[in-house]
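From first to last, the protein sequence lines are chains A and B. Its first residue numbered 1, the first sequence is counted upward by one per residue in UniProt numbering. Its first residue numbered 1, the second sequence is counted upward by one per residue in UniProt numbering. Input: a single structure, listed below in structure tokens.
Protein chains: 2
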Amino acid sequence: MYEGAVQELIDELGRLPGVGPKSAQRIAFHILESDPEDMSRLASAITTVKEKVKFCQVCGNVTEQETCNICRDPRRDPTMICVVEESKDVIAVERTRSFRGRYHVLGGAINPIAGIGPDQLRIRELLSRLSDEKIEEIIIATDPNLEGEATATYLVRMLKTLGINVTRLASGLPVGGDLEYADEITLGRAFEGRRSLT
Amino acid sequence: MYEGAVQELIDELGRLPGVGPKSAQRIAFHILESDPEDMSRLASAITTVKEKVKFCQVCGNVTEQETCNICRDPRRDPTMICVVEESKDVIAVERTRSFRGRYHVLGGAINPIAGIGPDQLRIRELLSRLSDEKIEEIIIATDPNLEGEATATYLVRMLKTLGINVTRLASGLPVGGDLEYADEITLGRAFEGRRSLT
Chain A
1 MYEGAVQELI DELGRLPGVG PKSAQRIAFH ILESDPEDMS RLASAITTVK EKVKFCQVCG
61 NVTEQETCNI CRDPRRDPTM ICVVEESKDV IAVERTRSFR GRYHVLGGAI NPIAGIGPDQ
121 LRIRELLSRL SDEKIEEIII ATDPNLEGEA TATYLVRMLK TLGINVTRLA SGLPVGGDLE
181 YADEITLGRA FEGRRSLT
Chain B
1 MYEGAVQELI DELGRLPGVG PKSAQRIAFH ILESDPEDMS RLASAITTVK EKVKFCQVCG
61 NVTEQETCNI CRDPRRDPTM ICVVEESKDV IAVERTRSFR GRYHVLGGAI NPIAGIGPDQ
121 LRIRELLSRL SDEKIEEIII ATDPNLEGEA TATYLVRMLK TLGINVTRLA SGLPVGGDLE
181 YADEITLGRA FEGRRSLT
């Protein structure tokens, strides 16, 4: 409907995740009406990220060097690996300040419908780390949904023969939540995982 | 939380309208994982739109030339002007195929709280069109909300001394809607604007 460049921009924006046709139009007009300098900063942020950002050769996290900040940090415990699906999950765990080991980013979870099996994930890289590094515990922190649980089960089955301590993040009631509104699976898990207070 | 370029991209994306911190992160990772060519197309679409797209010197609509497609089109009725708030509204009216005249884009609506008065809108440009062109009817198609109504009232008061036929789009029940769910103002307007069928 629009003339050339505006329509092209709307089309490109509409391909981004979570951006429908209406938002794409709204963002396109925001870009049109914004300060040219701000918008060239946005355009160059996109280009720069594609040029500079790579994936850590050790853990698969995003980085601008060969290995990421966390893998390079000598203060991190090298005997523990927290296995997550995505780089975003690394940030989520880091925010808790509960974990001082290193990570392994799988790049997704097992999802047969989407055609993602173990070979599409960075599981081979995890195994080679286990033979190279002295790992004592692997914490599986994949998402607590169908795909994440399937991936956790697959990893446990593969790792338990190696004599490494494999753990999984606790499932249970979210802090600040209402017991009444918890779904039955979560509440069931909270019962199974109940802890002694005495 | 992220290293340099990724965080910069998330920050820039987070400034776009309707993009919160979580969506900005999601879009940034989508960009990271996408084909570099697709993403350089997105970046250049942003740059191109800022370089090429201007506002029509006659009506204020977006265009890549001095005047827009519609103002240049000799088949459009030059005696009718449809006054809208934004370029997006031009597209919305065009989609109806109900109007074959030309447009005037105000660039917003009167909104004292946001500091937008008549001087911030392209009302002076509209008045100069009325003295230059032979206009017979002005259709006011500002949004049917507080700001749009205020703008319509202001325009009507200013234009009625000039002897031009000024009309406003009908308010009433949206087609395909339920009478039961119509708000009382809309239903009231539908009564006021009822039409004889005999």
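Every residue, glycine too, gets a C-beta built ideally from N, C-alpha and C. Here the structure is a predicted model, which means the values were calculated and not measured.
Is the CB of TYR103(A) under 9 Å away from at least one CB in chain B?
-> Walking along the first sequence from the start, residue 103(A) turns up at place 103. No, TYR103(A) lies away from the interface with chain B (no Cβ there is under 9 Å from its Cβ).
Say whether chain B places a C-beta atom closer than 9 Å to the C-beta of THR142(A).
-> Working through the first sequence from its first residue, we reach residue 142(A) at position 142. False, the Cβ-Cβ gap to chain B never drops below 9 Å.
Close beta carbons around GLY193(B), own chain, < 6 Å, minus the five adjacent residues each side | Sequence index remark: in the second sequence, residue 193(B) carries index 193 (1-based). The residues are ALA170 and GLY172.
Candidates LEU187(B), LYS88(B), LYS52(B) and SER131(B), of which the one nearest ASP143(B) by Cα = Taking the second sequence and counting its residues from 1, one reaches residue 143(B) at position 143. Looking at the Cα atoms, LYS88(B) is the closest of the given residues.
Could you tell me which chain A residues have their CB closer than 7 Å to the CB of ILE70(B), listed as they occur along the chain?
-> Within the second sequence, the letter at position 70 stands for residue 70(B). Ordered by position in chain A, no residue passes the 7 Å Cβ test against ILE70(B), which lies about 10 Å from the chain.
Does the stretch 124-137 of chain A touch the stretch 155-166 of chain A, meaning 3 or more C-beta pairs lie closer than 8 Å?
-> yes
Please list, in chain order, all residues of the same chain as CYS56(B) whose beta carbon is under 6 Å from its beta carbon, the five residues on each side excluded.
-> Sequence index remark: in the second sequence, residue 56(B) carries index 56 (1-based). Correct list, in chain order: THR63, THR67, CYS68 and CYS71.
Of all the residues that make up the UniProt domain "Toprim" (79-174) of chain A, which are near chain B by a beta-carbon distance shorter than 8 Å?
-> GLU86, SER87, LYS88, ILE91, GLU94 and ARG95
For GLU12(A) and chain B, any beta-carbon pair shorter than 9 Å?
-> If you number the first sequence from 1, residue 12(A) lands on position 12. Taking Cβ atoms only, chain B reaches closer than 9 Å to GLU12(A), which makes this a yes.
Could you tell me whether the stretch 4-19 of chain A touches the stretch 31-49 of chain B, using the rule of 3 or more Cβ pairs below 8 Å?
-> Three or more beta-carbon pairs separated by less than 8 Å link the stretch 4-19 of chain A to the stretch 31-49 of chain B, which places the two stretches in contact.
In its own chain, which residues sit with a C-beta less than 7 Å from the C-beta of ALA24(A), not counting the 5 before and 5 after it?
-> Stepping through the first sequence from its first residue, residue 24(A) is reached at position 24. Taken in chain order, the residues that qualify are ILE10, LEU13 and GLY14.
Throw me the rounded Cβ distance for the LEU155(B) and VAL83(B) pair, which I believe falls under 8 Å.
-> Within the second sequence, numbered from 1, the residue matching residue 155(B) stands at position 155. Within the second sequence, numbered from 1, the residue matching residue 83(B) stands at position 83. Sure, about 7 Å apart at Cβ, within 8 Å.
Can you list the residues of chain A that GLN25(B) reaches, using a CB-CB cut of under 7 Å?
-> The residue labelled residue 25(B) in the question sits at position 25 within the second sequence. Going along chain A in sequence order, the residues near GLN25(B) (Cβ under 7 Å) are LYS88.
Could you name the residues of chain B that SER40(A) contacts, counting a contact when the two beta carbons are closer than 9 Å?
-> Stepping through the first sequence from its first residue, residue 40(A) is reached at position 40. What SER40(A) touches in chain B: ILE46, THR47 and LYS50.
Which partner residues of ARG168(B) appear in the DSSP bridge assignment?
-> In the second sequence, residue 168(B) corresponds to position 168, counting from 1. Answer is ILE140(B).
Identify every residue that forms a DSSP beta bridge with THR63(A).
-> Here residue 63(A) is taken as the residue at index 63 of the first sequence, counted from 1. According to DSSP, THR63(A) bridges with LYS54(A).
Option in SER196(A), GLY101(A), PRO112(A) and SER131(A) with minimal Cα separation from ARG75(A) | Taking the first residue of the first sequence as position 1, residue 75(A) is located at position 75. For ARG75(A), the nearest C-alpha among the options comes from GLY101(A).
Per-residue contacts from THR63(A) into chain B (C-beta, under 8 Å) | As a working note, residue 63(A) is residue 63 in the first sequence. Chain-ordered, the chain B residues with CB closer than 8 Å to the CB of THR63(A) read GLU3.
Interface flag, LEU197(A) vs chain B, CB-CB below 9 Å = What you label residue 197(A) is simply residue 197 of the first sequence in a count that begins at 1. Not closer than 9 Å to any Cβ of chain B, the Cβ of LEU197(A) fails to qualify, so no.
Closest to PRO94(B) by CA distance: which of ALA141(B), GLU184(B), VAL175(B) and MET1(B) is it?
-> Against the second sequence, residue 94(B) aligns to sequence position 94. It should be pointed out that residue 94(B) corresponds to Glu in this sequence rather than to Pro. Comparing Cα-Cα distances from GLU94(B) to each of ALA141(B), GLU184(B), VAL175(B) and MET1(B), the minimum goes to ALA141(B).
Where are the alpha helix (DSSP H) runs, 4 residues long or more, that stay fully inside the UniProt domain "Toprim" (79-174) of chain B, in chain order?
-> When DSSP assignments are scanned along the UniProt domain "Toprim" (79-174) of chain B, the uninterrupted stretches of alpha helix (DSSP H) that are 4 or more residues long and fall wholly within it turn out to be 87-96, 123-132 and 146-159.
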